[in-house]
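Numbering (the UniProt record's numbering), first residue to last: 1 to 153.
Think of the CB as a built atom: it goes at the ideal place given N, C-alpha and C, for glycine as much as any other residue.
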Amino acid sequence: MALESRITQEEIKKEPEKPIDREKTCPLLLRVFTTNSGRHHRVDEFARGNVPSSELQIYTWMDATLKELTSLVKEVYPEARKKGTHFSFAIVFPDLRGKMYKFKEIGSTISGRKGPDDSMTLQSQRFQIGDYLDIAITPPNRAPPLGPRMRPF
Numbered sequence: 001m002a003l004e005s006r007i008t009q010e011e012i013k014k015e016p017e018k019p020i021d022r023e024k025t026c027p028l029l030l031r032v033f034t035t036n037s038g039r040h041h042r043v044d045e046f047a048r049g050n051v052p053s054s055e056l057q058i059y060t061w062m063d064a065t066l067k068e069l070t071s072l073v074k075e076v077y078p079e080a081r082k083k084g085t086h087f088s089f090a091i092v093f094p095d096l097r098g099k100m101y102k103f104k105e106i107g108s109t110i111s112g113r114k115g116p117d118d119s120m121t122l123q124s125q126r127f128q129i130g131d132y133l134d135i136a137i138t139p140p141n142r143a144p145p146l147g148p149r150m151r152p153f
């Protein structure tokens with residue numbers, strides 16, 4: 001019996017994303033928090049019912065791509081429209097063991113350039129309704145900050 005449920009779960013993981021009919025499916029409210037410093041918000045800024053002040057509310061669907069979300073953010077922030085602006089995306093979700101939140105970096109896009117993460121969807125990254133999206137925006141004249149595993153040498 002346990003083997004059957006494991007196979008079912010593995011099959012579910014391999015199951016391709018089902019297309020969403022945007023004409024018939026109600027959009028979700030996506031709460032997006034942005035920074036223009038090139039760094040994501042600190043996880044403690046989401047603690048105890050608080051959220052950062054830089055909130056955008058976007059109605060979208062689970063099949064929204066990072067490139068599509070980049071376009072929506074650029075509509076609100078004209079300075080982010082410059083070619084070469086870097087957008088780094090992270091999902092912020094509640095830690096089930098406590099009252100804290102966790103971050104999961106999911107990908108990035110660059111304004112005016114095609115990239116490997118452009119077609120990545122919220123659904124493909126296991127985004128759940130109620131999670132937040134944090135976007136670190138880096139202007140083109142500044143290099144994106146180094147990640148925790150990257151070194152300058």
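Sort the options by Cα distance to residue i and report the nearest one.
i	options	result
T34	Y77, D131, G115 and M120	Y77
T85	S124, I20 and K67	K67
E79	A47, S37 and K99	S37
D131	R113, K102, H41 and G112	K102
I20	A47, M62 and R113	M62
I135	T109, R142, T121 and K99	T109
I137	K18, K24, H41 and E23	H41
M100	K24, R48, L30 and S53	R48
G98	Q128, R113 and F46	F46
R142	T121, F87, I58 and K114	F87
I39	G115, K24, E105 and R126	The amino acid occupying residue 39 in the given sequence is Arg; Ile does not appear at that position. Looking at the Cα atoms, E105 is the closest of the given residues.
F127	L30, L72 and V43	L30
If residue i and residue j are in contact, beta carbons under 8 angstroms, what's the gap, nearest whole angstrom?
i	j	result
G107	D95	With a Cβ gap of about 22 angstroms, G107 and D95 do not count as contacting.
F89	L133	6 angstroms
T70	S124	So it is not a contact: roughly 16 angstroms between Cβ atoms.
DSSP on residue i, reduced to helix/strand/coil?
i	result
F127	coil
D44	helix
L133	strand
L28	strand
R151	Note on R151: pLDDT 43, under 50, position unreliable in the model; the coordinate value appears next. Correct three-state label for R151: coil.
I12	Caution applies to I12, whose pLDDT of 43 falls short of 50 and renders its modelled position unreliable; the model cannot decide the point.
Return yes when the Cβ of residue j is within less than 7 angstroms of the Cβ of residue i, no when it is not.
i	j	result
V32	L56	yes
T65	S119	yes
P140	K74	no
Complete runs of the beta strand (DSSP E) confined to the stretch 49-118 [at least 3 residues]: Whole beta strand (DSSP E) segments, 3+ residues: 55-60, 86-94 and 101-110.
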